[in-house]
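Here's the structure we're looking at; comments come further down.
In the numbering used here, the protein residues as written are 383 to 493.
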């Protein structure tokens, strides 16, 4: 039980019999039995709740891993879009310059 051998158990029972008396000893034994049963029940429930917490942590970790794996392709695509050089669109002045070059022979502008 608790590392108590038969001689120690007999000594405890003799001391309890002397201290409590023979009339109250059965009642005390019943209450001690109930207390030990409740203690075992509480420890079992505690172990089960720890097991549920552990399972919940494992599920959260798996979800976070899947979520990060799903984000990776999106981040890679966004990075590749940011790396491609943007082609500047010509402004109104640049359009006018191109038109003037096209109108003059050889693209030489006259002032």
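The beta carbon of each residue, even a glycine, is placed where N, CA and C say it ideally should be.
The residue among 394, 451, 429 and 452 with its C-alpha nearest the C-alpha of residue 411 is 394.
Remark: C-beta atoms of residue 407 and residue 398 approach each other more closely than 8 Å. Residue 400 sits in a helix when the DSSP states are folded into three classes.
When only Cα atoms are considered, residue 413 and residue 420 end up about 11 Å apart. Separation of residue 462 and residue 456 (C-alpha to C-alpha, rounded to the nearest whole angstrom) is 10 Å. In the structure shown, the three-state DSSP call for residue 386 is coil.
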